[in-house]
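In what follows, a single structure is set out as structure tokens and then discussed.
Number of protein chains: 2
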Amino acid sequence: MRHLRQVTVIGLGLLGGSISLAVLRSFTQVKVVGYAHRPSTRDKAGRLSIATQVVDNLVESVAEADLVILASPICTFEKIFSDIAGALPSGCIVTDVGSTKMLPHRWAAERLPKSVYYVGSHPIAGSEQRGVEFARDDLFERAMCILTTTKATDRRAVQILNGFWSELGCFVQLMTPAEHDRIYASVSHLPHVMAVALINANRRADLKFAGKGFIDTSRIASGPANIWADVLLTNTRNVAKGIDRAIAELMRLKKEIRNENRSQIVKMLESARDKRNELISSKITNKEIIS
Amino acid sequence: MRHLRQVTVIGLGLLGGSISLAVLRSFTQVKVVGYAHRPSTRDKAGRLSIATQVVDNLVESVAEADLVILASPICTFEKIFSDIAGALPSGCIVTDVGSTKMLPHRWAAERLPKSVYYVGSHPIAGSEQRGVEFARDDLFERAMCILTTTKATDRRAVQILNGFWSELGCFVQLMTPAEHDRIYASVSHLPHVMAVALINANRRADLKFAGKGFIDTSRIASGPANIWADVLLTNTRNVAKGIDRAIAELMRLKKEIRNENRSQIVKMLESARDKRNELISSKITNKEIIS
């Protein structure tokens with residue numbers, strides 16, 4: 001295992017740019033090398049001093065890295081793993097910040113050399129905005145960060161990544177990739193799909209009468225379509241199950257509304273309210289949100 | 292038609308309390324009489340100086356009113372109309388701030404005397420909070436307010452109410468009760484039902500892993516269950532149709548996810564994003580929200 005002197009961030013969008021800025025702020029001795037596929041992104045990142053150095057060669061970007069972080073769309077990971085495999089220094093830690101974790105683990109096992117350590121990361125941070133110009137060095141403060149590990153994952157690499165994300169302000173939790181993808185299908189991918197369905201179920205002409213409730217409920221659907229398509233396509237079975245559960249709940253509500261069954265409707269509304277209030281309380285207790 | 296000297300607000304929750312405070316601020320010559328069903332609410336409202344006078348007799352509260360505003364749950368309206376019918380001064384305007392408008396119009400036609408003027412109001416303001424302690428005199432600033440009218444509605448009463456809500460900071464729009472209930476089933480009641488379904492489709496244990504997206508998407512489900520049950524139960528057919536459209540959208544998304552049809556998924560996500568961006572832009576142009 002190598003001492004942390006250079007971090008390479010691959011992909012300089014909102015997340016990659018924010019990681020880079022946060023590392024520069026938290027680890028003053030660490031060099032951050034940033035790589036982005038598009039020249040225009042590299043130009044912007046360079047102008048904004050997002051990293052110590054922004055480079056235009058993927059393979060060279062990792063040649064001296066102690067930690068490599070993939071922050072590009074999930075569907076680019078497999079090829080990037082293959083491309084950098086030969087250039088990764090022995091003992092280097094590789095991670096990614098993709099929103100699904102089963103496939104990244106599989107691709108890492110298939111493509112990365114045995115001489116490096118892969119751990120999955122998923123910092124629960126971001127916004128509906130995209131692009132390096134929205135990068136912020138405090139994006140990870142008080143955010144949860146899930147590290148995904150399997151039996152094959154090196155324990156020392158997990159410890160180092162735990163320290164790394166904690167230093168950036170995250171609360172770190174461990175789980176398996178399968179557990180992660182099941183849970184996040186439900187608490188993240190399903191809300192996204194429902195926000196999309198809600199908007200698409202509305203006529204354009206009617207939307208101008210929408211109030212604050214609609215605006216909040218649909219916010220996440222303003223996120224980048226290609227990144228979210230990747231998320232959904234790398235977690236198809238879990239997302240499909242989540243949609244089935246949501247449809248079942250909608251059908252139940254519809255039935256009770258049609259039957260004008262007031263007590264059942266109140267019960268379902270109260271159950272939702274109580275669960276949400278519990279969630280908010282626990283987030284406040286855990287300091288993830290400020291009351 | 293009477294000159295506006297006394298406004299009576301029936302129901303002193305978040306909305307009624309805020310109307311009362313806003314009237315006191317905007318119409319310095321107008322007396323506001325507040326009535327609440329529960330003694331504890333009247334006590335709180337009195338202590339907070341929510342109205343010029345808080346009274347404990349519904350019938351007496353309207354005896355000298357030029358404008359009566361019902362801000363209690365929708366399902367109380369019919370009885371309140373009957374109870375106050377005999378005490379309303381001739382020429383008085385009666386309105387309500389219920390979130391559905393077909394039934395209030397029907398009840399008004401059946402229960403109110405011909406000597407008073409009924410118009411429906413629906414200010415698109417509020418929050419998931421409830422209770423007079425959350426009342427604010429600026430709740431209606433930049434909010435849309437729908438006035439609902441039928442062929443029978445007095446034009447002069449509409450003009451006076453238009454002036455009234457505008458003075459409180461609202462942007463007033465007119466429509467029929469049927470149009471209102473169709474549109475708000477879609478842009479307000481459906482998002483509520485979907486937020487409830489989303490939470491109830493999630494296991495309690497998984498919710499602690501939820502991020503900001505989930506919290507925003509589910510916010511409205513923290514609203515008061517009994518008030519929302521009223522809303523859903525007074526707009527059953529439109530809400531059921533909205534749920535059907537949402538389910539159809541969810542099924543379409545599920546199908547394309549299962550088929551791994553990337554281009555279709557991107558298309559649906561982009562359509563939602565574009566529609567929402569349009570909505571946000573129009574709200575900013577109309578000064579309803581500040582960018």
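One line per chain: the protein sequences are A and B, in this order. Everything in the first sequence is counted per my numbering, starting at 1 for the first residue and increasing by one. Everything in the second sequence is counted per my numbering, starting at 292 for the first residue and increasing by one. Note that CB positions come from ideal geometry on N, CA and C, so glycine has one too.
Within 9 Å (strictly less), CB to CB, does residue i reach chain A?
i        : result
Pro395/B : no
Gln464/B : yes
Pro482/B : yes
Val478/B : yes
Val487/B : yes
Trp398/B : no
Ser457/B : no
Ser412/B : no
Gly304/B : no
Ser363/B : no
Lys392/B : no
Ile415/B : yes
Lys370/B : no
Asn491/B : yes
Ser513/B : yes
Lys566/B : yes
Val530/B : yes
Leu498/B : yes
Any C-beta of chain B sitting closer than 9 Å to the C-beta of residue i?
i        : result
Tyr184/A : yes
Phe214/A : yes
Asn162/A : no
Arg219/A : yes
Thr236/A : yes
Glu249/A : yes
His17/A  : According to the sequence provided, residue 17/A is Gly. The question's His does not apply to it. Not one chain B Cβ lies under 9 Å of Gly17/A.
Leu233/A : yes
Asp138/A : no
Gly242/A : yes
Val68/A  : no
Leu253/A : yes
Lys287/A : no
Indicate whether residue i and residue j have their beta-carbon atoms separated by less than 9 Å.
i        : j        : result
Val463/B : Leu438/B : yes
Val158/A : Pro123/A : no
Ser477/B : Arg567/B : no
Pro583/B : Phe214/A : Nothing about residue 583/B can be reported from this structure: the residues present for chain B run from 292 to 582 only.
Gly11/A  : Ala71/A  : yes
Ser309/B : Asp428/B : yes
Asp181/A : Pro73/A  : no
Ala195/A : Cys170/A : no
Lys31/A  : Arg5/A   : yes
Where residue i and residue j are concerned, what is the direct C-alpha to C-alpha distance, given to the nearest angstrom?
i        : j        : result
Glu424/B : Asn529/B : 33 Å
Arg411/B : Gln264/A : Arg is not the amino acid found at residue 411/B; the sequence shown has Gly there. Rounded to the nearest angstrom, the two C-alpha atoms are 29 Å apart.
Gly34/A  : Ala201/A : 41 Å
Gly211/A : Ser479/B : 7 Å
Lys545/B : Trp456/B : 44 Å
Leu279/A : Lys335/B : 29 Å
Glu270/A : Glu419/B : 13 Å
Asp216/A : Cys366/B : 27 Å
Met268/A : Gly131/A : 40 Å
Phe209/A : Gly417/B : 15 Å
Ala205/A : Leu459/B : 26 Å
Ile247/A : Ser513/B : 20 Å
If you reduce the DSSP assignment to three classes, tell me which class residue i lands in.
i        : result
Cys366/B : helix
Leu4/A   : coil
Gln53/A  : strand
Asp387/B : strand
Ser127/A : coil
His37/A  : coil
Gly86/A  : coil
Val116/A : coil
Thr508/B : helix
Lys101/A : coil
Gln555/B : helix
Ile301/B : strand
Gln450/B : helix
Lys31/A  : strand
Who are the neighbours of residue i on chain E, taking C-beta pairs under 7 Å?
i        : result
Ala501/B : Included in the structure are the protein chains A and B, with no chain E among them.
Original post:
Between the stretch 255–273 of chain A and chain B, which residues of the former have CB atoms less than 7 Å from a CB of the latter, in chain order?
Top reply: Ile257, Arg258, Glu260, Arg262, Ile265, Val266, Met268, Leu269, Glu270, Ser271, Ala272, Arg273
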